[in-house]
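Chains as they are written, first to last, in our numbering: chain B, 1 to 445; chain L, 1 to 445.
Protein chains: 2
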Amino acid sequence: MSTQPKILELNAFDMRSTAGLDPDTARLVERRRQTFGPTSMLFYKRPLNVVCAEGVWLYEADGNRVLDAYNNVPSIGHCHPAVVAAVSRQIGILNIHTRYLYDGVYTYAERLLATLPPELSNIVFTCTGSESADFALRAARGLTGGTGFIVTANAYHGNTSAVTEVSPSSASAEPRPPHVVVIPAPDTYRWGLEGVSEAFAVNVRSAIDELSSRGIKLAGLMADSIFSSDGVYPGEGGFLKEAVDAVRAAGGLYIADEVQPGFGRTGGHMWGFERHGVIPDIVIMGKPMGNGFPMGGVVIKPDLLADFGARAGYFNTFGGNPVAAAAGLAVLETLQSEGLQQNAHETGHYLRDQIAAVGKVTNQIGDVRGAGLYIGVECVTGDDVKTPNPVLADQLVNAMRERDVLIGTAGINGNILKIRPPLAFRRDHANIFLEAFAASIRSLV
Amino acid sequence: MSTQPKILELNAFDMRSTAGLDPDTARLVERRRQTFGPTSMLFYKRPLNVVCAEGVWLYEADGNRVLDAYNNVPSIGHCHPAVVAAVSRQIGILNIHTRYLYDGVYTYAERLLATLPPELSNIVFTCTGSESADFALRAARGLTGGTGFIVTANAYHGNTSAVTEVSPSSASAEPRPPHVVVIPAPDTYRWGLEGVSEAFAVNVRSAIDELSSRGIKLAGLMADSIFSSDGVYPGEGGFLKEAVDAVRAAGGLYIADEVQPGFGRTGGHMWGFERHGVIPDIVIMGKPMGNGFPMGGVVIKPDLLADFGARAGYFNTFGGNPVAAAAGLAVLETLQSEGLQQNAHETGHYLRDQIAAVGKVTNQIGDVRGAGLYIGVECVTGDDVKTPNPVLADQLVNAMRERDVLIGTAGINGNILKIRPPLAFRRDHANIFLEAFAASIRSLV
Chain B
1 MSTQPKILEL NAFDMRSTAG LDPDTARLVE RRRQTFGPTS MLFYKRPLNV
51 VCAEGVWLYE ADGNRVLDAY NNVPSIGHCH PAVVAAVSRQ IGILNIHTRY
101 LYDGVYTYAE RLLATLPPEL SNIVFTCTGS ESADFALRAA RGLTGGTGFI
151 VTANAYHGNT SAVTEVSPSS ASAEPRPPHV VVIPAPDTYR WGLEGVSEAF
201 AVNVRSAIDE LSSRGIKLAG LMADSIFSSD GVYPGEGGFL KEAVDAVRAA
251 GGLYIADEVQ PGFGRTGGHM WGFERHGVIP DIVIMGKPMG NGFPMGGVVI
301 KPDLLADFGA RAGYFNTFGG NPVAAAAGLA VLETLQSEGL QQNAHETGHY
351 LRDQIAAVGK VTNQIGDVRG AGLYIGVECV TGDDVKTPNP VLADQLVNAM
401 RERDVLIGTA GINGNILKIR PPLAFRRDHA NIFLEAFAAS IRSLV
Chain L
1 MSTQPKILEL NAFDMRSTAG LDPDTARLVE RRRQTFGPTS MLFYKRPLNV
51 VCAEGVWLYE ADGNRVLDAY NNVPSIGHCH PAVVAAVSRQ IGILNIHTRY
101 LYDGVYTYAE RLLATLPPEL SNIVFTCTGS ESADFALRAA RGLTGGTGFI
151 VTANAYHGNT SAVTEVSPSS ASAEPRPPHV VVIPAPDTYR WGLEGVSEAF
201 AVNVRSAIDE LSSRGIKLAG LMADSIFSSD GVYPGEGGFL KEAVDAVRAA
251 GGLYIADEVQ PGFGRTGGHM WGFERHGVIP DIVIMGKPMG NGFPMGGVVI
301 KPDLLADFGA RAGYFNTFGG NPVAAAAGLA VLETLQSEGL QQNAHETGHY
351 LRDQIAAVGK VTNQIGDVRG AGLYIGVECV TGDDVKTPNP VLADQLVNAM
401 RERDVLIGTA GINGNILKIR PPLAFRRDHA NIFLEAFAAS IRSLV
């Protein structure tokens, strides 16, 4: 790459050299470079050469077993037998678009919608979270007559052209269009927990004014309620409400991106927005919805969908196909039968408490926060002003990888450890994690 | 819907009434309305209530068997055992994103790229054709510094915000942005076959001038070489070259949308652009790639990808996952082992010839054209000026459905029958089709 890689991408293998890799891994890197090109990023200084996975474990070609504390797509566990069985069965029966009637698709839609507030009673199936976010942007524009969007400073909502514009974390080299105004994420570590509701709302109101001064009408606020790529800021439940009220007062919609916090991950609730006592106008779903089977969805108030549908068509070839519906239904049923939301709540608490305890050996672990099994650990230099320490974060991620535990980083400075395992991550897995974390800390600080 | 449905959507069930449907079907319609809302379109005046499918056959709840001459996603046949086996096996082994190394993904990439000209040697995996088209637009903008695109008047390239702008067939109620100029599809029926190359190139040059007069620099021409949603205009092989030369002379890229013509459908070639003796800068893939498993891809010249990758990031969570790769590999192997491209060539010829023969009983079948198993049949009023007859097209589609054969319509006037079966559609299936077609014609003209 001719440009400087972003700090966020420090945790990347350098594709220019395979020095130090075993011959099989080096050969895979070479085949990848030949087909994917040189700018496709692999995680970790020593990339994973994976051959299979099960539950919270990945297995490498050399037989090495790796604990997954990073991946939220295989949310109920890698290769979960319920999803394997559902997909294997359905793909041999019927796999078609939604221009014909098929019972199983409506059964899934009904079951999914039953987990949401009754106001949110319609669904548009898509294939990915990015397509969901893209639809939400388009719908919000059509419905409000506005074009302006407010997002947080290091938000990531997806990869289409339109969604990249509202994803500052991935659009660094592309100029930000005037219809997008970014505001700081609700940095509870630096702002304190108490004033976050008001401070965040003040920033939202300023953004509305800024759009207005540019002659742009507000379409909406798009946010995931855990501010995942910003660095994991769950804050106190309820703090979003004041901001959402301000958005609505200005004629905008609140679009809840549930790709990260949804499907039970935050432990206390099925959906992240429920922590805040607000009902979104549009809800975006993706990643964990099918445990890796590609699927997404937009849940929307029916009057909004009818209004949008009257002025524009939308059809998604793969969205809502019977195999996706079968996978999605297996995920919902397993979340319940295995008590995974409750496990996220309990194991998440335990893991946060213990990480904080381990971190006390140094003043460079500044904050441990999260909700359920979404945890952020902030690396700082240890000075008086909480200066971010992306170098330590990157070292810790790779030290953990060397101890066979996968985590990642987040935040505009890349200094926050992102810990986000499959929800099947139990206390014994947490203990394995904690041992590796303690050893990694000891080796570095 | 409060607005007038488009002529293209004449072939739609009216969701406002379930009168005349059997109780089970009526109940499914009601459940669909409750979950999907009232604007989600079902095909046919009497919608299909499907329970399973195999090969070229769909089965309805009442046991009715329906011949599929419409669906190109299950390209090697509905529920093909090779794809069922590949997906069922792989989803129990590993299903993860491409930030780790995995042999099977590169094997598929290599096999797929081997079917393309050597200049097109890099691939970016996506999840859908829409995501592929969206990436192509973004890449073309970044690479050329231009923003202007040329597309045909009733093109469809996908459903994201950016792609909808270049998909006039689905964007009717949304204003067309100034950076998109539409040109007429190469209407060989009215223009004649001979002058198409020059006429099409003249229109492309005019569009470049038009963009220029608006102060907009050209980014590219996006076209599928069979002009499917425009009404199926394969023309004579080679006619696109003059237009592509004009685009390149103006600094633009040629983006070949292979979602419709690709993967052997046109019979003579694996890829539609090969019929024209041109090598695109970017190739978009989707629908048939995984025979219904959601997957897409962008094949691109490596210098272009390296250039784009240096200025912007792109990552697709589901794109290139091992299960998609397994499905895609099964599709490539089956295309070859079952001789499906050759079958498309032979059965396509036979079907076109016989449709034309059947159509001779009336002057309202104006033209039968196509390549391989992509066939357009133009319904006209029978006057001297080839006036489009969308009413007849709609009646024929529904008359065929009543005779248990599925087809659709295309074209800016909705008067062209779109016949596009799975590639496993053989001569005996063609004969069943032809019997229903002859009877439908007799019943209507």
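Beta carbons are placed, not taken as given, at the ideal position from N, Cα and C, and that holds for glycine.
- Within the same chain, Thr18 come within 8 Å of glutamate 30(B) by CB-CB distance, once the 5 residues on both sides are set aside.
- Closer than 8 Å to the CB of alanine 306(L) there is at least one CB belonging to chain B.
- Listed by position along chain L, the residues whose Cβ is nearer than 8 Å to that of leucine 113(B) are Thr35.
- Counting only runs that start and end inside the stretch 383–416 of chain L, the beta strand (DSSP E) elements of at least 3 residues fall at 408–410.
- Close CB contacts of serine 440(L) within its chain, under the 7 Å cut and outside five residues either way in sequence, are with Leu396, Ala399, Met400 and Arg403 (chain order).
- With a 10 Å radius around the Cβ and a threshold of 16 neighbouring Cβ atoms, lysine 287(B) comes out buried.
- Scanning its chain for C-beta atoms nearer than 6 Å, with the 5 sequence neighbours on each side dropped, one finds around proline 47(L) the residues Phe13, in chain order.
- Look at methionine 289(B) here: in three-state DSSP terms it is helix.
- Across the structure, leucine 444(B) and alanine 243(B) are spaced so that their CA atoms are roughly 40 Å apart.
- For valine 84(L), the enclosing alpha helix (DSSP H) stretches over residues 81–90.
- Measuring C-alpha to C-alpha distances from alanine 324(L) to each of Cys79(L), Glu54(L) and Asn95(L) identifies Asn95(L) as the nearest.
- With respect to tyrosine 70(L), glycine 408(L) sits close: the two C-beta atoms are nearer than 8 Å.
- Secondary structure at phenylalanine 43(L): strand, using DSSP grouped into helix, strand and coil.
- Judged by pairs of C-beta atoms under 8 Å, the stretch 100–108 of chain B does not touch the stretch 129–149 of chain B, as fewer than three such pairs exist.
- Every alpha helix (DSSP H) of 4 residues or more that sits fully in the stretch 130–218 of chain L is shown, in chain order, as 161–165, 188–191 and 196–213.
- In the structure shown, phenylalanine 125(L) falls within a strand segment according to DSSP collapsed to helix, strand and coil.
- Nearest CB-CB separation between threonine 334(L) and chain B: not below the 8 Å threshold.
- Among the residues facing chain B, asparagine 95(L) is included, as its CB has a counterpart in that chain under 8 Å away.
- The Cβ atoms of glycine 231(L) and glycine 252(L) do not sit closer than 8 Å to each other.
- Within the same chain, Cβ atoms closer than 7 Å to the Cβ of serine 121(B) are found at Leu113 and Pro302, the five residues on either side in sequence being excluded.
- Partner residues in a beta bridge of valine 51(B), as assigned by DSSP, do not exist.
- One thing to note: glycine 238(L) has its Cβ within 8 Å of the Cβ of glycine 277(L).
- Residues Leu218 and Ala250 of the same chain have their beta carbon placed closer than 6 Å to that of isoleucine 208(L), with the five preceding and five following residues left out of the count.
- Within the same chain, Gly267 come within 8 Å of glutamine 342(L) by CB-CB distance, once the 5 residues on both sides are set aside.
- Under the three-state reduction of DSSP, arginine 369(L) is assigned to strand.
- The Cβ of glutamate 258(L) sits no closer than 8 Å to any Cβ of chain B.
- When the beta-carbon positions are compared, glycine 264(L) and leucine 351(L) stay at least 8 Å from each other.
- Interface residue (Cβ-Cβ distance to chain B less than 8 Å): tyrosine 106(L) is classified as such.
- Straight through space, the alpha carbons of asparagine 363(B) and aspartate 384(B) are spaced by roughly 10 Å.
- Taking the CA atoms as reference points, phenylalanine 200(L) sits about 39 Å from glycine 296(B).
- Interface annotation, methionine 400(B): not in contact with chain L, CB-CB separation never under 8 Å.
- Isoleucine 375(B): member of the beta strand (DSSP E) spanning 374–379, first to last residue.
- In the three-state reduction of the DSSP assignment, leucine 253(L) falls in the strand class, which pools E and B.
- By the CB criterion at 8 Å, alanine 327(L) and alanine 86(L) fall inside the cutoff.
- A distance below 8 Å separates the beta carbons of lysine 386(B) and arginine 190(B).
- In this structure, the CA atom of alanine 438(L) is about 43 Å from the CA atom of aspartate 245(L).
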